[in-house]
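Q: Take a look at the following structure, please.
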Ligand code: GGG
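In the working numbering, the protein residues as written are 1 to 359.
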């Protein structure tokens, strides 16, 4: 049957468990499309880029990879990194190459507590917890500015400089994104994560822009919290959080903490958005390639499937995104859990349970 709407999706499973969870996500999305009565369908093209490709070609992706990806409606990504390829080579050669060249400046990372999943937080048992980390995804500590000089120095004398770049434009757009999102939530609050006591240039600019942007959103509560205090707050007062906006590195660290508090890194979904839609956006689980469990069929596909739900929302299918999130909740509530969550289910068991829950 010819579908009314067809979406061209580039799948890049990349490395390790990325292959397993992207396959699971595709299966679930195709089941959703098959049940749509011809309303929509996905045209997939899969790319074998990643560390295996690097071993064969010396590149993490094809030379014209960005040109090829540019015309897709979205990118569905797995995980990058594998022993034998330095992590900075694999990360910069694939994930960051895509995020930065496609100006995917807003990285949305919800911290979602699921029924049937035990959190290490005692509070999670009796408190409604739900917040979202907004990661600045285009500059800051990830701008890639610096250098390393060891020419002519004796052993032990190397020098490295790694600079962060904060621009007023970059800070302002991510903060407005966070405020606009806060307006759609029950708790209208934005918490800005800073370190301006120690980082007196970039983070002071960050704080100044936050204060200025906040003036345009008088209906939204605000706070500015040092990153160290925010780490403590995630554990001790998470009920006070709604939208947390942070620089590239700070948000990366905090969102891993958030996922662990929700029960496992395997649950965390994310969207790398180019909000202007000049380029395709990219959807990926927060977790990495997990070489220790790769290829065993036990990876948790929920982070990847939650990312697929974010992709559906971005493609203009909010009702389907809602259904997929309900299927995730039904699956965990029924106790179909992979071993990172204390269960015995395989990736395939969870995938099947998700598809059954959709039906
Ligand atoms: N799916 C996420 C992923 O592959 N992450 C690999 C990684 O090392 N990320 C670090 C970062 O993006 O900062």
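The C-beta atom is built at its ideal place from N, Cα and C for all residues, glycine as well. This structure is a prediction, so every number in the text was calculated from the model and none was measured.
Alpha carbons only, please: which of 248, 220, 172 and 232 is nearest the one belonging to residue 212?
A: In the chain shown, the residue the question calls residue 212 occupies position 212. Taking only the C-alpha atoms, the option nearest residue 212 is 172.
Q: If you follow the beta strand (DSSP E) that residue 24 is in, where does it begin and where does it stop?
A: Against the chain shown, residue 24 aligns to sequence position 24. Unbroken run through residue 24 is the alpha helix (DSSP H), 17–34; no beta strand (DSSP E).
Q: If you compare alpha carbons, which of 318, 193, 116 and 337 is closest to residue 206?
A: Mapped onto the chain shown, residue 206 falls at position 206. Nearest Cα to residue 206 within the set 318, 193, 116 and 337: 193.
Q: How would you label residue 254, buried or exposed, when you count the other beta carbons within 10 angstroms and need 16 or more for buried?
A: The residue you call residue 254 lines up with position 254 of the chain shown. Label assigned to residue 254: buried.
Q: How many Å lie between residue 279 and residue 155 at the Cα?
A: To locate residue 279, count along the chain shown from 1; it is residue 279. To locate residue 155, count along the chain shown from 1; it is residue 155. Cα to Cα, residue 279 sits roughly 46 Å from residue 155.
Q: Per DSSP, which one or two residues make a beta bridge with residue 140?
A: Here residue 140 is taken as the residue at index 140 of the chain shown, counted from 1. According to DSSP, residue 140 bridges with 165.
Q: Measuring alpha carbon to alpha carbon, tell me which residue in 140, 179, 301 and 282 is nearest residue 249.
A: Your numbering for residue 249 matches position 249 in the chain shown. Nearest in C-alpha terms to residue 249, of all of 140, 179, 301 and 282, is 140.
Q: Just the Cα atoms here: how many angstroms apart are residue 269 and residue 345?
A: Indexing the chain shown from 1 puts residue 269 at position 269. Indexing the chain shown from 1 puts residue 345 at position 345. So the alpha carbons of these two residues sit roughly 20 Å apart.
Q: Is residue 285 near the ligand GGG - that is, is its Cβ less than 8 Å away from at least one heavy atom of it?
A: Within the chain shown, residue 285 is the residue found at index 285, counting from 1. Because some heavy atom of the ligand GGG lies under 8 Å away, the Cβ of residue 285 counts as near it: yes.
Q: From 37, 265, 130 and 259, pick the residue whose C-alpha is nearest to that of residue 186; which is it?
A: Along the chain shown, read from residue 1 onward, the residue named residue 186 stands at position 186. With distances taken between Cα atoms, residue 186 lies closest to 130.
Q: Quick check on the DSSP output: the beta strand (DSSP E) that includes residue 225 runs from which residue to which?
A: Stepping through the chain shown from its first residue, residue 225 is reached at position 225. Run containing residue 225: 221–226, per the beta strand (DSSP E) assignment.
Q: Taking a contact to mean a Cβ-Cβ separation below 9 Å, would you say residue 331 touches residue 357 in this structure?
A: The residue labelled residue 331 in the question sits at position 331 within the chain shown. The residue labelled residue 357 in the question sits at position 357 within the chain shown. Closer than 9 Å, so yes.
Q: For residue 84, which residues in the same chain have their Cβ closer than 8 Å to its Cβ, ignoring the five residues on either side in sequence?
A: By one-based count along the chain shown, residue 84 stands at place 84. Hits under 8 Å: 51 and 55.
Q: Answer with buried or exposed for residue 252, where buried requires no fewer than 16 other C-beta atoms within 10 angstroms of its C-beta.
A: Numbered from 1 along the chain shown, position 252 holds the residue referred to as residue 252. So residue 252 counts as buried.
Q: With distance defined between alpha-carbon atoms, name the residue in 243, 307, 77 and 217 nearest to residue 225.
A: Residue mapping note: residue 225 aligns to position 225 of the chain shown, counting from 1. Of the candidates 243, 307, 77 and 217, the one whose C-alpha sits nearest the C-alpha of residue 225 is 243.
Q: Which stretch, first to last residue, makes up the beta strand (DSSP E) that contains residue 8?
A: What you label residue 8 is simply residue 8 of the chain shown in a count that begins at 1. From DSSP, the beta strand (DSSP E) with residue 8 extends over 5–14.
Q: Please check the pair residue 21 and residue 301, which I expect to be a contact at CB under 8 Å, by giving their CB distance rounded to whole angstroms.
A: Against the chain shown, residue 21 aligns to sequence position 21. Against the chain shown, residue 301 aligns to sequence position 301. Sure, about 5 Å apart at Cβ, within 8 Å.
Q: Spatial neighbours of residue 26 within its chain, please: C-beta separation below 7 Å, excluding the five flanking residues on both sides.
A: As a position in the chain shown, residue 26 is number 26, starting the count at 1. If we look at residue 26 and ignore the five residues flanking it on each side, its Cβ neighbours are 11 and 44.
Q: So, are the CB atoms of residue 367 and residue 285 less than 9 Å apart?
A: There is simply no residue 367 to check, as the chain begins at 1 and stops at 359 in what is shown.
Q: Nearest chain C C-beta to residue 161 closer than 9 Å, yes or no?
A: Going by chain labels, chain C is absent from the structure shown, which holds only one protein chain.
Q: Restricting to Cα atoms, I'd like to know which of 59, 282 and 323 is closest to residue 35.
A: Counted from its first residue, the chain shown places residue 35 at position 35. Taking only the C-alpha atoms, the option nearest residue 35 is 323.
Q: Smallest Cα separation from residue 146: which of 163, 136, 158 and 153?
A: Start at 1 with the first residue of the chain shown, and residue 146 comes out as number 146. Measuring from the Cα of residue 146, the nearest candidate turns out to be 163.
Q: Just to check, is the beta-carbon of residue 350 closer than 8 Å to a non-hydrogen atom of the ligand GGG?
A: Counted from its first residue, the chain shown places residue 350 at position 350. No; taking the cut-off as 8 Å, the Cβ of residue 350 has no heavy atom of the ligand GGG nearer than that.
Q: Can you tell me which of the three DSSP states residue 53 falls into?
A: Looking up residue 53 in the chain shown gives position 53. Helix.
Q: Distance, Cα to Cα, residue 265 vs residue 257?
A: Numbered from its first residue, the chain shown carries residue 265 at position 265. Numbered from its first residue, the chain shown carries residue 257 at position 257. Those two C-alpha atoms are separated by around 9 Å.
Q: Pairing CB atoms from the stretch 120–127 with CB atoms from the stretch 305–314, are three or more of them under 8 Å?
A: No, they do not touch.
Q: To the nearest angstrom, how far is it from the Cα of residue 293 to the Cα of residue 222?
A: In the chain shown, counting from the first residue as 1, residue 293 sits at position 293. In the chain shown, counting from the first residue as 1, residue 222 sits at position 222. If I take the Cα positions, the gap works out to 41 Å.
Q: Take the Cβ of residue 104 as the centre, count every other Cβ of all protein chains shown within 10 Å, and call the residue buried at 16 or more, exposed below.
A: To locate residue 104, count along the chain shown from 1; it is residue 104. By the neighbour-count rule (16 or more Cβ atoms within 10 Å), residue 104 is buried.
Q: Relative to the C-alpha of residue 228, which candidate in 218, 217 and 198 has its C-alpha closest?
A: Here residue 228 refers to the residue found at position 228 when the chain shown is read from its first residue. Checked all of 218, 217 and 198; the closest Cα to residue 228 is 198.
Q: Our contact map puts residue 74 next to residue 281 with C-beta atoms below 8 Å; I'd like the distance itself, whole angstroms only.
A: On the chain shown, residue 74 is found 74 positions in, with the first residue counted as 1. On the chain shown, residue 281 is found 281 positions in, with the first residue counted as 1. The pair is a contact, with the Cβ atoms about 6 Å apart (cut-off 8 Å).
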